[in-house]
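Protein chains in written order, with my numbering: chain A, 41 to 296; chain B, 41 to 296.
Okay, so here's the structure we're looking at.
There are 2 protein chains.
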Amino acid sequence: MRSPRVKMRRRRYAARIAYDGTDFSGFQSQASGRTVQGVLQEALERLHRAPVPVVAAGRTDAGVHAEGQVIGFDSEHSSLDAGAFPRALNSNLPADVRVLRLWEAPEDFHPRYDARHRHYRYQLQCGESLNPMSRRYALWIPRAVDAGRLNELLAPLLGCHDFRAFAAAGDQSASKVRCVTTASAVPGRGLLNLRISGNAFLWTMVRSIVGTALMLEQQRAEPSAMQEILAAGDRSRIGAVAPPHGLFLERVDYND
Amino acid sequence: MRSPRVKMRRRRYAARIAYDGTDFSGFQSQASGRTVQGVLQEALERLHRAPVPVVAAGRTDAGVHAEGQVIGFDSEHSSLDAGAFPRALNSNLPADVRVLRLWEAPEDFHPRYDARHRHYRYQLQCGESLNPMSRRYALWIPRAVDAGRLNELLAPLLGCHDFRAFAAAGDQSASKVRCVTTASAVPGRGLLNLRISGNAFLWTMVRSIVGTALMLEQQRAEPSAMQEILAAGDRSRIGAVAPPHGLFLERVDYND
Chain A
41 MRSPRVKMRR
51 RRYAARIAYD
61 GTDFSGFQSQ
71 ASGRTVQGVL
81 QEALERLHRA
91 PVPVVAAGRT
101 DAGVHAEGQV
111 IGFDSEHSSL
121 DAGAFPRALN
131 SNLPADVRVL
141 RLWEAPEDFH
151 PRYDARHRHY
161 RYQLQCGESL
171 NPMSRRYALW
181 IPRAVDAGRL
191 NELLAPLLGC
201 HDFRAFAAAG
211 DQSASKVRCV
221 TTASAVPGRG
231 LLNLRISGNA
241 FLWTMVRSIV
251 GTALMLEQQR
261 AEPSAMQEIL
271 AAGDRSRIGA
281 VAPPHGLFLE
291 RVDYND
Chain B
41 MRSPRVKMRR
51 RRYAARIAYD
61 GTDFSGFQSQ
71 ASGRTVQGVL
81 QEALERLHRA
91 PVPVVAAGRT
101 DAGVHAEGQV
111 IGFDSEHSSL
121 DAGAFPRALN
131 SNLPADVRVL
141 RLWEAPEDFH
151 PRYDARHRHY
161 RYQLQCGESL
171 NPMSRRYALW
181 IPRAVDAGRL
191 NELLAPLLGC
201 HDFRAFAAAG
211 DQSASKVRCV
221 TTASAVPGRG
231 LLNLRISGNA
241 FLWTMVRSIV
251 GTALMLEQQR
261 AEPSAMQEIL
271 AAGDRSRIGA
281 VAPPHGLFLE
291 RVDYND
């Protein structure tokens, strides 16, 4: 009698991952520099003894952190089903990247094109001195910040608008229309969190919104100022793009 | 007419400081290694052009963090009263140490001998994967931890006891009696916080308590087990001393 043989099948997998962006030149592999995609592909190649391309929901910039980035890749690896695979992957990854969960996805799943909703959080620490434990994870604003005014300034961004005023010059998107569903300032545990969610975002859009809101808050501007910048679509009127180390990709939502 | 002259007077100052212990060989200056006391004294010497000895409420071990350490030092520096001094001091300190507040203290103030109460927090992250942003600030326990049982195990420590079982071999204290006023496990924001407060602590006492509570929790031991270790005063029965990177000196209380 022949032993039963399982026919190897190529499956698509998805994983939720977290990383500390401090020591990465962003998510996406590039000619030089340590990238999240690079270390993930190296770990997967070590386990598969063959290259395994990885795709992500969002290509976070250098220094931006993630608590709930979603990646996808294909594999025939037999131990993937065993639940032991995330552990094997984590033991092949550096300490600043962790796989939180891994599951089999539909074979046509694409982490970026199928994403319905992205949730970002920008952490501010406001006041005289920065807590040294937050220095890699929050922007220090050495003054009191009016959270109520920030909320008023962010409100006009809610809804679907052409956000070209907040896009980096290099943004390649054909349409600059995006739908923002959350834009608010929420105090919590020594930090002021700016929560910004939407269906998708243009390049540097979240950090440009944060920088502009902070500039207008300091000027004690009315919410109409944000409204006017949005309507004019003029990059020259926005504030400085907020630095990456305060930004977290918190979660990505899919239909199922 | 002669211009009025202010007679320089030596004053005692106190400051509340925070530091990220990751890259320090502890608080206290020693023959080699970067210490918190060392960088504070260097910054003060630069501002005073003379050595300024610094004393602290608690000499935290290598790797232990502080959010509310209290230090004391003497100074005749004229700008100390101006409120600008904390800023000058911070601009002379590395980013992992910050002066949060500075005030003039009674001339016989001693940060250690006058301290009435010390509050520590030990951060645990329990579960399959460690959040990479917490890797320097929480001990990862790769399993579920029963917070209720931890609370039961910690309860017998409340009150004044001889804590020699939990002291490092090198502890020099004449009396090993200390009074613990808080010993509890409090879940919060992805972490399990062990809160331990008391009038004072023996060397490695907090981390020995944490290590022992975690050992007994894993063994599903009854609270009587902690009670017996305490009563026996036998170091050989305690758990491994928990690593320093989860420990925070949160606050020190004084009479006024």
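Note that beta-carbon positions come from the ideal geometry of N, C-alpha and C, so glycine has one too.
Own chain, CB closer than 6 Å to residue i, minus 5 neighbours either side, in chain order
i: B/ARG56; result: GLY108, VAL110, LEU140 and ARG141
i: B/GLY73; result: SER65
i: A/GLU82; result: none
i: B/ARG189; result: GLU257
i: A/THR244; result: ALA208 and VAL281
i: B/GLU290; result: GLU107, GLY108, HIS159 and ARG161
i: B/ILE181; result: LEU164 and CYS166
Beta-carbon separation (whole angstroms), residue i vs residue j, contact threshold 8 Å
i: A/ARG89; j: A/GLY66; result: Not quite, the Cβ-Cβ distance comes to about 27 Å (not below 8 Å), so this is no contact.
i: B/VAL246; j: B/ALA155; result: The pair is not a contact, with the Cβ atoms about 15 Å apart (cut-off 8 Å).
i: B/ASP60; j: B/HIS105; result: 6 Å
i: B/PHE206; j: B/LEU242; result: 7 Å
i: A/ARG235; j: A/ARG161; result: 6 Å
i: B/VAL185; j: B/GLU262; result: Contact flag wrong, Cβ pair sits at about 17 Å.
i: B/ALA253; j: B/LEU193; result: 5 Å
i: A/LEU179; j: A/ALA282; result: 6 Å
i: B/VAL94; j: B/LEU80; result: 5 Å
i: A/ASP202; j: A/GLY273; result: 6 Å
i: A/PRO284; j: A/ALA102; result: 6 Å
Interface residues of chain B facing residue i [CB-CB closer than 8 Å]
i: A/SER169; result: ALA58, PRO126, ASN130, ARG138, VAL139 and LEU140
i: A/ARG107; result: Checking the sequence, you will find Glu at residue 107 of chain A rather than Arg. The contacting residues are ASN171 and MET173.
Where residue i meets chain A, residues with beta-carbon distance less than 8 Å
i: B/ARG161; result: Neighbours of B/ARG161 on chain A: none; closest Cβ ~12 Å, over 8 Å.
Other residues of its chain near residue i: CB distance less than 8 Å, five sequence neighbours each side excluded
i: A/GLN267; result: PRO196
i: B/ARG86; result: ASN132
i: B/TRP143; result: TYR53, ALA54 and ALA55
i: B/ILE269; result: ALA205, THR252, ARG277 and ILE278
i: B/PRO134; result: VAL79
Cutoff 7 Å; reference residue i; Cβ partners in own chain excluding five residues on either side
i: B/GLY78; result: SER69
i: B/ALA240; result: ARG158 and ARG218
i: A/ASN171; result: GLN165 and GLY230
i: A/PHE149; result: ARG52, ALA54 and GLY112
i: A/VAL226; result: ASN233 and ARG235
i: B/TYR294; result: ASP154, ALA155 and ARG156
i: A/ALA32; result: This structure gives no information on residue 32 of chain A, because the portion of chain A shown stretches from 41 to 296.
i: A/ALA187; result: ALA225, PRO227 and LEU232
Residues that residue i contacts on chain B, provided the C-beta gap is smaller than 9 Å
i: A/ARG229; result: GLY228 and ARG229
Residue i burial status per 10 Å Cβ neighbour count (16 or more: buried)
i: B/ALA124; result: exposed
i: B/PRO91; result: exposed
i: B/ASN233; result: buried
i: B/ASN130; result: buried
i: A/PRO151; result: buried
i: B/SER248; result: buried
i: A/ARG138; result: buried
i: B/SER237; result: buried
i: A/ALA58; result: buried
i: A/PRO126; result: buried
i: A/GLY210; result: exposed
i: B/ASP296; result: exposed
i: A/PHE214; result: According to the sequence provided, residue 214 of chain A is Ala. The question's Phe does not apply to it. Under this definition A/ALA214 is an exposed residue.
Contact list for residue i against chain A, beta-carbon separation under 9 Å
i: B/TYR177; result: MET173
Under 7 Å by beta carbon: chain B residues contacting residue i
i: A/ALA135; result: PRO172 and ARG175
Cβ-heavy atom distance, residue i to the ligand GTP, below 6 Å
i: A/ALA145; result: The model depicted lacks the ligand GTP and carries no ligand whatsoever.
At what residue ranges does the segment 162 to 209 of chain A contain a whole run of the beta strand (DSSP E), taking only runs of 3 or more? 179 to 181 and 199 to 202
Within the segment 90 to 150 of chain A, note down every full beta strand (DSSP E) run reaching 3 residues or more, in order along the chain. 105 to 115 and 137 to 144
Within the segment 259 to 293 of chain B, note down every full alpha helix (DSSP H) run reaching 4 residues or more, in order along the chain. 263 to 272
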